[in-house]
Amino acid sequence: MSERQLVVLTVNDTEHEILVEPRRTLSDALRHDLELTGTHVGCEHGVCGACTVLVDGAPVRACLMFAVQAEGSRVTTVESLGHDGELSDLQQAFSSHHGLQCGFCTPGFLMLAEGFLADEPDADRDAVRDALSANLCRCTGYQTVVDAVADVATRRRTSASKETRS
Ligand code: FES
Ligand code: FES
45 MSERQLVVLT VNDTEHEILV EPRRTLSDAL RHDLELTGTH VGCEHGVCGA
95 CTVLVDGAPV RACLMFAVQA EGSRVTTVES LGHDGELSDL QQAFSSHHGL
145 QCGFCTPGFL MLAEGFLADE PDADRDAVRD ALSANLCRCT GYQTVVDAVA
195 DVATRRRTSA SKETRS
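Be aware that the sequence shown starts at 45, since it is given in our numbering, and climbs by one per residue.
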């Protein structure tokens, strides 16, 4: 067993010190060391995207990154969405468009979509579909997930343009 080392991780704006082996993945550190079990682990080799979190705002597969590599970066997980028991706009849209069934893939899709929309606020439906193709879902057939994210993209644009005008 390799020697464990102290890592300082900033997750959802909170700093945590954890003692981990260098081979500890970020997904395992989040789930087992920080008890942030909203980040799901499916394939563990970078294919399914269930483990997607944001690292410095960009979607990253947490099963492919070591926790030690995330030191000094800003990690954002699905637990950051929604406040005081209220769903975020994206979570609400997944619910109202029936964008989830078993929900296993959902945290990964939510974080992928958050990162994508922050980077591409003007994305149209085709761009949304293309971005979401990075992650796998075994239940929904994808249309409803695309509907949810495209809906939020439109709503955010509308609200941004109203703010600009006021
Ligand atoms: Fe990380 Fe599948 S669990 S990509
Ligand atoms: Fe079941 Fe996506 S909702 S895997």
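Ideal placement from N, C-alpha and C gives every residue a C-beta, glycine not left out.
In whole angstroms, what separates the C-alpha of residue i from that of residue j?
i, j, result
"residue 162", "residue 191", "17 Å"
"residue 182", "residue 64", "33 Å"
"residue 72", "residue 85", "9 Å"
"residue 96", "residue 210", "36 Å"
"residue 158", "residue 89", "22 Å"
"residue 145", "residue 74", "24 Å"
"residue 171", "residue 61", "38 Å"
"residue 186", "residue 147", "13 Å"
"residue 142", "residue 131", "15 Å"
"residue 167", "residue 107", "27 Å"
"residue 52", "residue 173", "36 Å"
"residue 50", "residue 115", "10 Å"
In the structure shown, what three-state DSSP assignment does residue i receive?
i, result
"residue 69", "strand"
"residue 47", "coil"
"residue 54", "strand"
"residue 63", "strand"
Which residue comes first and which comes last in the alpha helix (DSSP H) that contains residue i?
i, result
"residue 158", "150-163"
"residue 176", "169-176"
If you follow the beta strand (DSSP E) that residue i is part of, which residue opens it and which one closes it?
i, result
"residue 187", "Segment 187-209 is the alpha helix (DSSP H) holding residue 187; no beta strand (DSSP E) there."
"residue 76", "Element bounds for residue 76: n/a, residue is neither H nor E."
Cutting at 6 Å between CB atoms, please list the residues of its own chain near residue i, excluding the five before and the five after it.
i, result
"residue 109", "70"
"residue 118", "54, 100"
"residue 137", "192, 195, 196"
Output needed for residue i: all residues of its chain with C-beta closer than 8 Å, excluding positions within five of it in sequence on either side, in chain order.
i, result
"residue 200", "133, 161, 165"
"residue 135", "125, 126, 154"
"residue 204", "165"
"residue 68", "77, 110, 111, 112"
"residue 92", "86, 149, 152, 179, 180"
"residue 156", "93, 96, 103, 175, 176, 178, 179"
Who are the Cβ neighbours of residue i in its own chain at under 7 Å, not counting the five residues just before and after it?
i, result
"residue 123", "56, 80, 82"
"residue 46", "65, 66, 67"
Verify the CB distance criterion: does residue i have a CB-CB separation below 7 Å to chain C?
i, result
"residue 136", "Of the chains in the structure shown, none is chain C; there is only one protein chain."
Length at least 4, wholly inside the region 80-140: the alpha helix (DSSP H) runs in chain order:
133-140
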